[in-house]
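Chain order of the listed sequences is H and P.
The first sequence begins at 398 in our numbering and counts up one residue at a time.
The second sequence begins at 3 in our numbering and counts up one residue at a time.
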Amino acid sequence: MTAIKIDNEEVKSIFRKGNISLILLVVASSALLTVINYYTIRTTSAVRAYINGESRYSKGQKDGSRHLITYLILQDNEQYDLFNDELKVPIGDSLARVGLSTNGTYQSIRAGFLQAKNHVDDVDDMMWLFKNFSKVSFMKQAITFWKEADVLIGQLKTVGDGIKVKMQTGEITTAEKKTLIRQIEAITTQLTHKERAFSDLLGGTARTINLYVFFINMLLSILITTSVVVYSYKGIRQLMRAHHDLYQTNKDLTETNIELDNFVYSASHDLKSPVNNLEGLVRLLKQESTSNTMREDILEKMDFTIAKLRKTIIGLTEVIKADKGMISDVEENSFTTLLDEFIRENQYSPEGTDSQIIATFLVEKISYSTMRLKSILQNLLTNAFKYRSANRKCVVHIKTELIEGKVQLEVSDNGLGIDLEQNGHKLFKMFTRLHANHVEGTGLGLYMIKRIIERHGGSIRVESKPGVGSRFIVTLN
Amino acid sequence: MKKYNCVLLVDDDLVSCFLNKEILTTLEVTDDIHTAGNGEEALHFISENQKKQNHCPDLIFLDINMPVMDGFQFLSELEKLQNGQLQIAKIIILTSSNNPVDRKLATQFHISGYINKPLTWENLEIYLA
C-alpha cells in the first residue's frame, strides 16, 4: 500500500534548489528592472531638460544678436541693454558648465542654470547627468559643442561691447556697420550649427536610450514571466502529484477496507460453520432418544469438527502473521537451502514419500522475507502433492529464473489440474476449495501467498488444464 | 408443514448435512432425503432423477461455498439445464455466509429463500409453511 506522502516533503520541495534559483531570478530581474527604469527616467528627463535649455540658449543668443544689430542701426541704448539681458541666458549656461567642469560649488552651478531660465526642478537632474556622464561619449561630444558655442557667445559679447564703446566715442561708418553686422551674423550662424548639433546629439541619444531600455525591459519581462510560468508549472505539477498520491492512497485504503470486510465475512463464515455444527451435535447428544451408536457417531463428528475448527484458526493466524511486519525480516535466502529444508520436513509425510521434485534454480539467491518465502514454497509444493493425480506418480518441477530483471519462481505439477474457466476467478479467494474429497484443505493457502507476494510488489498467476496439471508462476519482486 | 417428496441437501460439510438431515427427518418434512457434496454432484443427481417423478427433488437446500462447483455456479447451470424454469424445485440457500455480497448475488436467481445456518424449526417454518 502506498504510504501517505502529504507531509513536510511537499512543503520543502517548494524551497528546493531549482525553485530557489527561480525565485532569486525573479527578484533580481524585478530589482534590475526597477533600477534601470529609475535611471532611464532620470537620464531622459535630464536630456529633455538640456534640450529645452538649448532651445532657451539658442533663443537668448538669437534675440541678443537681433537686439545688437538693432542697436547698431538705431543707436538705441535700450536695445543694447536688451542685448545684454538676452545674452544672460547662454552666459548662465556657460557659467554652470564651467562650474561643473571645474568642481565649482553647487550654489554657483545652480545659479548659472537658473540664470539660463532652466526650471528649478530640472537643475539637479542636469547636474547629475553632467557629472556622471561627462566621460561618456555622447555627453562628452555634447559638452564639446556646448563649450565651442560658449566661446562664440564670448565673441558675440566682445563684439557687442566693442560696438558700445565705438558708439560712445564717435560715429560708426556704414561700411563699418556692415562689417560688424556680417560678423554678428557669422557668429550666429556658427552658434546655430553648434546648438543644432548639441540638440540632435542629445535627442538621438535619448531615442537610442529609449530603444535599448525598451529591449531590456522586454527581455527582463520575458525572463520574469518565464520564471513565474516555470515556477507555477512546477507548483502545479507538485500539487497534481500530491493529488495523485492522495487519490492512490484513498483507492488503496478503499481496497484495503473491502479486503478487510471480505476477510471478516469469510473468516466469520468458516468459524461459524463448525460452531453451528458443534451446537447441533451437542443438542442431539442431549436428546434422550439418541441411541448409543448414534452418540458414538456424534462424538466422532465432534472430534472431526473441532479438528477442522483448529485448522481454520491456525490458517487464519498464519494469514494475519503473514500480513504483519512485511519488509522487516528481509535477508538473503538460498532456494536450494529452502527446498532441502522442505524435503527434509516432508519426506515422511504420506504425500512426500511417493513424489519427485525436480529443481532448476537459474537464480540461486534472493533477498526476501525468509518466513514468507518459505510459506510460498511450502504452499505451492504442498498443493502439488495434495492435488496429485491417482493415476500417476507425482512429479513436481520447481524452477527459478531472471525475467526482465525480476526473479520468477515456477512450480508445475502433473496433478489433477484446475478448470480455470469455471473456477479461475475464485482460485486465490479466501476459503476456496476447488477439489472435492480433500477435506484437509482450509482454502487459505493460495489466498495467503497471493497477499504475501503482492505486498512484496510481485504477482502470481496460474496455467492449468484439468487432468494434466498446473503451473504456478510467481514474480517475486 | 407441507410434506415434500424428495429433498436434496447440497453441502460439502458432512456434519452440517448430517444435522440438517436429522432436523428434516424429525420435523417430517420428507421421507426421502439425499445429499450432494457440491453443485456438480447435485446437478448430476437432478439430471439422473429428472424423469423419475418420485425422486426428482422438489426441495433443495443449497450451500454457497463449496468445492468443484459452488452454489451460484450450480444455480446458473440449473437455469441453463431447465431453460429458466426452476419451478420444479423449491430452492433455499442455506449458508453460514454473512457477506451482503452473497445475499445480493442470490437475488439474481430464482430462489425461494435464504437461510443463515443453522437450520432450525423457526426458520424452516417461514419458508415451508
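All C-beta atoms, glycine included, are put in the ideal place defined by N, C-alpha and C.
Since the model is a prediction, treat every value here as computed from it, not as a measurement.
* To do: Taking 9 Å as the cut-off, decide whether the C-beta atoms of H/L706 and H/A664 are in contact.
  => Translated into the one-based positions of the first sequence, residue 706 of chain H becomes position 309. Translated into the one-based positions of the first sequence, residue 664 of chain H becomes position 267. No.
* Just checking my contact of H/F535 with H/L598 at CB under 8 Å: how many whole Å lie between their CB atoms? -> Residue 535 of chain H sits at position 138 when you count from the first residue of the first sequence. Residue 598 of chain H sits at position 201 when you count from the first residue of the first sequence. About 6 Å; that satisfies the 8 Å criterion.
* Along chain P, which residues have their Cβ under 9 Å away from the Cβ of H/Y662? -> As a first step, residue 662 of chain H is located in the first sequence; it is residue number 265 there, counting from the start. Within 9 Å Cβ-Cβ: S99, N100, N101, P102, V103 and D104.
* **Residue nearest to H/S861 in terms of C-alpha spacing, selected from H/L813, H/I773 and H/Q580** => Start at 1 with the first residue of the first sequence, and residue 861 of chain H comes out as number 464. The shortest Cα separation from H/S861 among H/L813, H/I773 and H/Q580 belongs to H/L813.
* Asked: What are the start and end residues of each continuous alpha helix (DSSP H) run of 4 or more residues lying completely inside the segment 784–864 of chain H, in chain order?
  -> 817–820 and 842–852
* Asked: With DSSP run on the structure shown, which of helix, strand or coil describes P/S18?
  -> Counted from its first residue, the second sequence places residue 18 of chain P at position 16. P/S18 falls in the helix class under three-state DSSP.
* Asked: Using a Cβ cut-off of 9 Å, which residues of the segment 676–701 of chain H contact any Cβ in chain P, in chain order?
  -> E676, G677, L678, R680, L681, D694, I695, K698, M699 and F701
* Segments assigned alpha helix (DSSP H), at least 4 residues, entirely inside the segment 81–128 of chain P -> 102–108
* Would you mind reading off the limits of the alpha helix (DSSP H) that contains H/Q538? => For the purposes of this step, residue 538 of chain H is taken as residue 141 along the first sequence, with counting starting at 1. Start and end: S534 to T566.
* **Straight-line gap, H/I717 to P/C19 (C-alpha atoms, nearest Å)** => Translated into positions along the first sequence, residue 717 of chain H becomes position 320. Translated into positions along the second sequence, residue 19 of chain P becomes position 17. Rounded to whole angstroms, H/I717 to P/C19 spans 31 Å at the Cα level.
* Verify the CB distance criterion: does P/V70 have a CB-CB separation below 9 Å to chain H? => Position 68 of the second sequence holds residue 70 of chain P. Output row for P/V70: interface = yes.
* To do: For the beta strand (DSSP E) holding P/V9, just list the boundary residues, first then last.
  => Position 7 of the second sequence, counted from the first residue, corresponds to residue 9 of chain P. Element bounds for P/V9: V9 to V12.
* Pair within 9 Å by beta-carbon distance, P/D72 and P/N118 -> To locate residue 72 of chain P, count along the second sequence from 1; it is residue 70. To locate residue 118 of chain P, count along the second sequence from 1; it is residue 116. No. Outside cutoff.
* Can you list, in chain order, the residues of its chain whose CB lies under 8 Å from that of H/I703, leaving out five sequence neighbours each side? -> The count along the first sequence starts at 1 and reaches residue 703 of chain H at position 306. The residues are P671 and L675.
* Asked: From what residue to what residue does the alpha helix (DSSP H) around H/T502 run?
  -> Locating residue 502 of chain H in the first sequence gives position 105, counting from the first residue. Where H/T502 is concerned, there is no enclosing alpha helix (DSSP H), given that its DSSP letter is neither H nor E.
* Asked: Nearest-angstrom Cα distance between H/E545 and H/Q580?
  -> Here residue 545 of chain H refers to the residue found at position 148 when the first sequence is read from its first residue. Here residue 580 of chain H refers to the residue found at position 183 when the first sequence is read from its first residue. The straight-line gap from Cα to Cα measures roughly 17 Å.
* To do: Figure out for me which residue from H/G601, H/N659 and H/G842 has the closest Cα to the Cα of P/P102.
  => The residue labelled residue 102 of chain P in the question sits at position 100 within the second sequence. When only C-alpha atoms are compared, the closest one is H/N659.
* To do: Closer than 7 Å by C-beta to H/T440: which residues in its own chain qualify, once you throw out the five before and the five after it? Chain order, please.
  => Looking up residue 440 of chain H in the first sequence gives position 43. Excluding positions up to five away in sequence, the list reads L526 and I606.
* Please report how far the alpha carbon of H/E851 lies from the alpha carbon of H/A719, in whole angstroms. => For the purposes of this step, residue 851 of chain H is taken as the residue at position 454 of the first sequence. For the purposes of this step, residue 719 of chain H is taken as the residue at position 322 of the first sequence. Approximately 12 Å, taken between the alpha carbons.
* Report the residues of the segment 18–37 of chain P with a CB closer than 9 Å to any CB of chain H, ordered along the chain. => S18, F20, L21, N22, E24 and I25
* **Rounded C-alpha distance that separates H/Q552 from H/D519** => Locating residue 552 of chain H in the first sequence gives position 155, counting from the first residue. Locating residue 519 of chain H in the first sequence gives position 122, counting from the first residue. Cα to Cα, the separation comes out at about 29 Å.
* To do: Whole angstroms is fine: what's the gap from H/T829's alpha carbon to P/I66's?
  => Translated into positions along the first sequence, residue 829 of chain H becomes position 432. Translated into positions along the second sequence, residue 66 of chain P becomes position 64. For H/T829 and P/I66, the distance between alpha carbons rounds to 11 Å.
* Exposed unless 16 or more other CB atoms sit within 10 angstroms - verdict on H/H641 -> Here residue 641 of chain H refers to the residue found at position 244 when the first sequence is read from its first residue. That one is exposed.
* To do: State buried or exposed for H/K698, treating a residue as buried only when at least 16 other CB atoms are found within 10 Å of its CB.
  => Translated into the one-based positions of the first sequence, residue 698 of chain H becomes position 301. H/K698 should be labelled buried.
* Asked: When the Cα atoms are used, what is the spatial distance from P/L88 to P/E127?
  -> Start at 1 with the first residue of the second sequence, and residue 88 of chain P comes out as number 86. Start at 1 with the first residue of the second sequence, and residue 127 of chain P comes out as number 125. Because the pLDDT of P/L88 is 48, which lies under 50, any placement of that residue in the model is unreliable, and the question is left without a value.
* **C-beta contact flag for P/V17 and H/L678 at 9 Å** => For the purposes of this step, residue 17 of chain P is identified with residue 15 of the second sequence, where counting begins at 1. For the purposes of this step, residue 678 of chain H is identified with residue 281 of the first sequence, where counting begins at 1. Contact flag set, yes.
* To do: Please confirm whether H/I846 and H/L777 have their CB atoms less than 9 Å apart.
  => Residue numbering aside, residue 846 of chain H sits at position 449 when the first sequence is read from its first letter. Residue numbering aside, residue 777 of chain H sits at position 380 when the first sequence is read from its first letter. Yes, these two residues count as a Cβ contact at 9 Å.
* From H/K563 to H/L471, what distance separates their C-alpha atoms? -> Walking along the first sequence from the start, residue 563 of chain H turns up at place 166. Walking along the first sequence from the start, residue 471 of chain H turns up at place 74. Looking at the two C-alpha atoms, the distance is approximately 14 Å.
* When the cut-off is 9 Å and only beta carbons count, does P/I95 lie next to chain H? -> For the purposes of this step, residue 95 of chain P is taken as the residue at position 93 of the second sequence. Judged by the 9 Å Cβ criterion, P/I95 is not in contact with chain H.
* Asked: Which whole-angstrom value is the C-beta distance of H/V760 and H/L799, which I expect to be below 8 Å?
  -> Numbered from its first residue, the first sequence carries residue 760 of chain H at position 363. Numbered from its first residue, the first sequence carries residue 799 of chain H at position 402. 5 Å between Cβ atoms; contact.
* Inter-stretch contact at 8 Å, needing at least 3 Cβ pairs: the segment 509–523 of chain H / the segment 563–578 of chain H -> no
* Within its chain, find whatever has a CB closer than 8 Å to the CB of H/G855; leave out the 5 residues flanking it on each side and keep chain order. => Looking up residue 855 of chain H in the first sequence gives position 458. So the list reads K803, V871, T872, L873 and N874, once near-sequence residues are dropped.
* Using a cut-off of 8 Å between C-beta atoms, extract the partners of H/S670 located in chain P. => Numbered from its first residue, the first sequence carries residue 670 of chain H at position 273. The contacting residues are D15, S18, S98 and K119.
* Comparing the C-beta of P/F111 with each C-beta of chain H, is any distance below 9 Å? -> By one-based count along the second sequence, residue 111 of chain P stands at place 109. Answer no: the Cβ-Cβ gap between P/F111 and chain H never drops below 9 Å.
* **Short Cβ contact (9 Å threshold) for P/I33 with P/L96** => Reading the second sequence from its first residue, position 31 is the one you call residue 33 of chain P. Reading the second sequence from its first residue, position 94 is the one you call residue 96 of chain P. Sequence inspection shows Asp at residue 33 of chain P; the Ile mentioned does not correspond to that position. No, the pair does not count as a contact, with Cβ atoms beyond the cut-off.
* To do: Using a Cβ cut-off of 9 Å (strictly closer), state whether H/D642 contacts chain P.
  => By one-based count along the first sequence, residue 642 of chain H stands at place 245. Chain P, which has no Cβ nearer than 9 Å to the Cβ of H/D642, makes this no.
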